[in-house]
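Engineer: Residue numbers (the working numbering), protein chains in the order written: chain A, 18 to 131; chain B, 49 to 161. Glycine residues also receive a C-beta, built at the ideal position from the N, C-alpha and C atoms. The structure presented is a predicted model; accordingly, all values stated were derived computationally and were not measured. Have a look at the structure that comes next, please.
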Amino acid sequence: LAKTTQPISMDSYEGQEVNITCSHNNIATNDYITWYQQFPSQGPRFIIQGYKTKVTNEVASLFIPADRKSSTLSLPRVSLSDTAVYYCLVGDYEPYNQGGKLIFGQGTELSVKP
Amino acid sequence: NAGVTQTPKFQVLKTGQSMTLQCAQDMNHEYMSWYRQDPGMGLRLIHYSVGAGITDQGEVPNGYNVSRSTTEDFPLRLLSAAPSQTSVYFCASSYSDKPYGYTFGSGTRLTVV
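As structure tokens, then:
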């Protein structure tokens, strides 16, 4: 699995857009990028995944440049309830012989203030 | 549909005691995992299973045992508890061998004194 680097923490205010960048310089051709969100006192939950360009769902957007050496998770108009730790994971999906073996880094602790 | 259920939610053990953390899922997921989370260290994989009867070690397996006799259950056993095992433990299951399919339990907060 490719090594990832994220900021340890970020602060924001309600209503702002938050962008969390993950660096993965050694990403391989078959690797996908996956993001998980963990609220305090809860287990992580999957929020978005992508391979290239842009992916958007009801929770977030994921921007991946052409060289794929980084990715940016974008949270539009954050609220206090978006305070959480956000994890970036990079791994080979096809074939993904890592069933059960999800490996997390330290993640980015996002604090949203009123 | 309860998802992933972990019991107990809180536990205090004395050094040297043994105990089993329970994890059950009702989604017929093949893949199950145990993680521990310590302050400032993210989640670390302890053991995982790719199906009933098949388990393997993760990053930090020492001091823990697992078994997978059924698809639904994946208990984690602490053989002789140590203060270094004070942590929050999460169980997860997945229908897919891909990274996006994981459902996590709500965790067990364990304190070893």
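Could you check how far apart the C-beta atoms of A:K69 and A:R85 are, in whole angstroms? I think they sit under 8 Å.
Structural biologist: At roughly 6 Å, the Cβ-Cβ gap stays under 8 Å, so A:K69 and A:R85 are in contact.
Engineer: Find the residues of chain B that neighbour A:K124, judging by a C-beta separation of less than 9 Å, and give them in chain order.
Structural biologist: As written in the sequence, residue 124 of chain A is Gly, which differs from the Lys given in the question. Under the 9 Å cutoff, chain B gives G90, L91.
Engineer: Got a sec, what are the start and stop residues for the beta strand (DSSP E) B:F148 sits in?
Structural biologist: The sequence given here places Tyr at residue 148 of chain B; Phe does not occur at that position. No beta strand (DSSP E) holds B:Y148; DSSP gives it neither H nor E.
Engineer: How is A:Q12 classed by DSSP in three states: helix, strand or coil?
Structural biologist: Residue numbering for chain A in the displayed model covers 18 to 131; residue 12 of chain A lies beyond these limits and cannot be assessed.
Engineer: Would B:G111 and B:Y137 be called neighbours here (beta carbons separated by less than 8 Å)?
Structural biologist: No. Outside cutoff.
Engineer: Give, in chain order, every residue of the segment 69–97 of chain A whose Cβ lies closer than 8 Å to some Cβ of chain B.
Structural biologist: For the segment 69–97 of chain A, which is checked against every Cβ of chain B, not one residue is closer than 8 Å.
Engineer: Between the alpha carbons of A:T100 and A:S128, how many angstroms are there, rounded?
Structural biologist: Spanning the two alpha carbons is a distance of roughly 5 Å.
Engineer: Assuming B:V52 and B:T159 are in contact, meaning their beta carbons sit under 8 Å apart, how far apart are those beta carbons, in whole angstroms?
Structural biologist: Actually they do not touch by this definition, with Cβ atoms about 22 Å apart.
Engineer: Cα separation between A:Q59 and B:K57?
Structural biologist: About 11 Å.
Engineer: Using a 10 Å radius around the Cβ and a threshold of 16 neighbouring Cβ atoms, would you call A:Y30 buried or exposed?
Structural biologist: Per the 10 Å Cβ criterion, exposed.
Engineer: Note down, in chain order, each residue of its chain lying with its Cβ closer than 6 Å to the Cβ of B:Q70, except the 5 sequence neighbours on either side.
Structural biologist: Contacts found: T55, P123.
Engineer: Give me the Cα-Cα distance between A:Q33 and A:C39, rounded to the nearest whole angstrom.
Structural biologist: Rounded to whole angstroms, A:Q33 to A:C39 spans 19 Å at the Cα level.
Engineer: Compare the C-beta of A:G32 with all C-beta atoms of chain B and state if any pair is closer than 8 Å.
Structural biologist: With 8 Å as the cut-off, A:G32 does not count as an interface residue toward chain B.
Engineer: For a quick check, are the C-beta atoms of B:Q65 and B:A130 less than 8 Å apart?
Structural biologist: Cβ atoms of B:Q65 and B:A130: not closer than 8 Å.
Engineer: Do you know offhand how far B:Y83's Cα is from A:R94's?
Structural biologist: For B:Y83 and A:R94, the distance between alpha carbons rounds to 32 Å.
Engineer: Give the straight-line distance between the Cα atoms of B:L91 and A:Y49, rounded to the nearest whole angstrom.
Structural biologist: Taking the straight line from one Cα to the other gives about 20 Å.
Engineer: Which term fits B:T103, buried or exposed, when burial requires 16 or more other beta carbons within 10 angstroms of its beta carbon?
Structural biologist: Classification of B:T103: buried, given that the 10 Å Cβ count is 16 or more.
Engineer: Would you kindly check if the distance between the Cβ of B:Y150 and the Cβ of B:A140 is under 8 Å?
Structural biologist: Yes, Cβ-Cβ distance for B:A140 and B:Y150 is below 8 Å.
Engineer: Interface residues of chain A around B:F58 at Cβ under 7 Å?
Structural biologist: Those do not exist, as B:F58 stays about 11 Å from chain A at its closest Cβ, beyond 7 Å.
Engineer: By DSSP, does A:L97 sit in helix, in strand, or in coil?
Structural biologist: Helix, per DSSP.
Engineer: Name the residue from B:D86, B:G101, B:T119 whose alpha carbon lies nearest to the alpha carbon of B:N76.
Structural biologist: Answer by Cα proximity: B:T119.
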